[in-house]
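Beneath this line is the structure, given in structure tokens, with notes to follow.
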Amino acid sequence: MLRLYNTMVRDEQAFEPRHGRDRVKIFTCGPSTYRRPHIGNYRTFLYEDVLVRYLEYSGCTVQRVINFTDVEDKTLEEALEQGRKVEEITSAVADHFARETRLLAIKLPPHIPRSSTSVDQAVELIQRLLEKGCAYWHEGNVFFDALKFEGFGKLYGLDLSGWPKKKVRFKRDTYNGRRWNLGDFILWHGESPSNHELHATAAWDTAIGRGRPSWNIQDPAIITKHLGYTVDINCGGIDNIYRHHDYNIAIIESLSGQEYANIYMHGEHLIVDGKPMSKSRRNILYPEDILDSSCEARQLRFFLLHTHYRKKLNFTVDRFRSACLLLGDIRAAIKALLDPGSGRKPSAPAELRQSRAYRRARTLRKSWEAAAAGDLPGHIERAFRKNMDDDLHIGAAVDEVYAILMELEARDARSPLAADTRAALESVLTEADTVCRVLL
511 MLRLYNTMVR DEQAFEPRHG RDRVKIFTCG PSTYRRPHIG NYRTFLYEDV
561 LVRYLEYSGC TVQRVINFTD VEDKTLEEAL EQGRKVEEIT SAVADHFARE
611 TRLLAIKLPP HIPRSSTSVD QAVELIQRLL EKGCAYWHEG NVFFDALKFE
661 GFGKLYGLDL SGWPKKKVRF KRDTYNGRRW NLGDFILWHG ESPSNHELHA
711 TAAWDTAIGR GRPSWNIQDP AIITKHLGYT VDINCGGIDN IYRHHDYNIA
761 IIESLSGQEY ANIYMHGEHL IVDGKPMSKS RRNILYPEDI LDSSCEARQL
811 RFFLLHTHYR KKLNFTVDRF RSACLLLGDI RAAIKALLDP GSGRKPSAPA
861 ELRQSRAYRR ARTLRKSWEA AAAGDLPGHI ERAFRKNMDD DLHIGAAVDE
911 VYAILMELEA RDARSPLAAD TRAALESVLT EADTVCRVLL
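For the sequence shown, the numbering used here gives the first residue as 511, with consecutive numbering after it.
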């Protein structure tokens with residue numbers, strides 16, 4: 511049974527779909543549309559891709575929503591500063607995202623909803639929150655009264671003992687840094703003389719007046735419009751644990767009275783040469799920066815997936831090269847086993863033999879030496895499932911597959927494998943690669 515690490519309980523738990531035995535609803539936060547995604551963002555999108563693909567591999571039908579939040583403060587401010595229309599900026603980012611997800615074999619839903627197309631739903635949610643007394647008007651804006659939701663901050667584990675006695679309101683969509691805004695958060699930016707210039711870039715005439723939905727209500731609007739009030743899994747990056755996902759929970763659960771998600775998953779950061787990516791360090795890497803160096807897209811996908819999604823990943827040239835060599839040897843072994851006339855000798859490059867992944871695979875190989883050659887393709891499937899069922903350890907799954915391939919190659923060199931063994935191997939690897947998308 512698939513077990514996933516649930517941030518809400520800080521532990522792994524068995525995954526059981528709540529909407530039917532084989533039907534799974536997943537919401538994953540989409541890219542910020544005021545700037546293009548970097549490889550750290552794509553690491554998050556990739557673990558989510560593997561989650562969806564593995565659920566489908568396991569026989570589930572997955573209904574996934576990923577979104578574009580295209581009317582947040584930062585997007586509007588960027589448009590105003592550049593003298594461009596919001597649509598120009600967001601469309602350029604969406605185009606980058608579409609092209610790069612195709613390169614990295616990230617499977618997306620056929621339609622990605624935008625916040626700008628869910629304003630009606632956001633207004634409806636706000637009206638209901640006002641009626642319930644969870645939200646209130648203040649100086650032309652609508653705020654969510656955080657203390658009206660019992661358990662506010664429960665995903666993060668927020669200590670409410672430090673909550674200010676005086677009413678505090680936070681009226682920006684987002685705030686930088688890993689800190690908590692101890693106070694009420696904004697749901698609706700009403701248009702006023704002081705913000706007319708900013709609203710000129712994006713505002714709507716609605717039942718609650720002219721203005722725009724805040725970032726905090728945009729995800730709940732899209733979620734409830736396209737998935738309903740309950741999902742199985744809610745995914746994102748680790749930064750979403752701070753404020754964002756707890757705001758979604760407070761809004762949706764205040765309206766439904768039910769637990770919004772069964773499982774919350776969060777991917778760790780990618781850093782570069784031991785340091786966080788930032789403009790000031792000039793170390794932000796985009797897929798094209800790596801692909802321009804004659805790297806194949808599948809190698810970048812493999813590198814971003816090989817380290818477990820809940821561990822911090824340090825991108826260095828040496829580590830990336832090591833991952834490329836590892837994938838190259840895995841693919842060469844598969845080609846040799848499926849095509850007996852390839853002429854490959856089962857010997858990894860000297861540089862690869864120094865890597866931790868290669869040494870681990872060599873160690874794992876010893877556990878397969880006693881198995882019959884004809885049984886090994888079946889063992890590949892079981893080893894793959896065992897590691898994937900353990901909170902999507904795709905790197906460990908590939909390493910164990912590699913270990914079995916090593917053993918198969920050694921046997922094939924001594925005495926050619928039977929045709930039915932090769933056929934079974936091809937079938938198993940083809941199925942596994944619907945999840946990995948790097949092996950064949």
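By construction, the Cβ of each residue, glycine as well, lies at the ideal position given by its N, Cα and C atoms.
{"query": "For LYS658, the three-state DSSP class (helix, strand or coil)", "result": "helix"}
{"query": "Proximity to ALA871 [Cα-Cα], best of PRO619, VAL908, GLY661 and GLY853", "result": "VAL908"}
{"query": "ALA777 vs TYR819 beta-carbon contact at 7 Å", "result": "It should be noted that the sequence gives Gly, not Ala, for residue 777. A contact, by the Cβ cut-off of 7 Å."}
{"query": "Contact under 7 Å by Cβ, PHE812 with LEU837", "result": "yes"}
{"query": "Exposure of MET511, with buried meaning 16 or more beta-carbon neighbours within 10 Å", "result": "exposed"}
{"query": "Beta-carbon proximity list for ARG528, same chain, < 7 Å, skipping 5 on both sides", "result": "THR740, ASP742 and ASN772"}
{"query": "Runs of alpha helix (DSSP H) lying entirely within the segment 570–645, each at least 4 residues, in chain order", "result": "583–592, 596–613 and 629–642"}
{"query": "Endpoints, the alpha helix (DSSP H) within which HIS736 is located", "result": "725–736"}
{"query": "Helix, strand or coil at TRP673 according to DSSP, with G and I counted as helix", "result": "coil"}
{"query": "Assumed close pair VAL575, ILE733 - CB separation to whole angstroms, cut-off 8 Å", "result": "7 Å"}
{"query": "Assumed close pair ASN516, TYR774 - CB separation to whole angstroms, cut-off 8 Å", "result": "6 Å"}
{"query": "The beta strand (DSSP E) enclosing HIS816, as first and last residue numbers", "result": "Segment 807–816 is the alpha helix (DSSP H) holding HIS816; no beta strand (DSSP E) there."}
{"query": "Candidates GLY661, ILE748 and ASN651: closest to ARG679 by CA position", "result": "ASN651"}
{"query": "Assigned exposure category for VAL519 - 16 Cβ within 10 Å defines buried", "result": "exposed"}
{"query": "Reference PRO887, options ALA842, MET787, ARG869 and ALA933, closest by Cα", "result": "ALA933"}
{"query": "For PRO786, the residue or residues it bridges with in DSSP", "result": "ILE781"}
{"query": "Option in LEU614, ASN686, CYS570 and ALA893 with minimal Cα separation from LYS584", "result": "ASN686"}
{"query": "Stretch-stretch touch, CB-based, cutoff 8 Å, three pairs: the segment 562–572 with the segment 787–794", "result": "no"}
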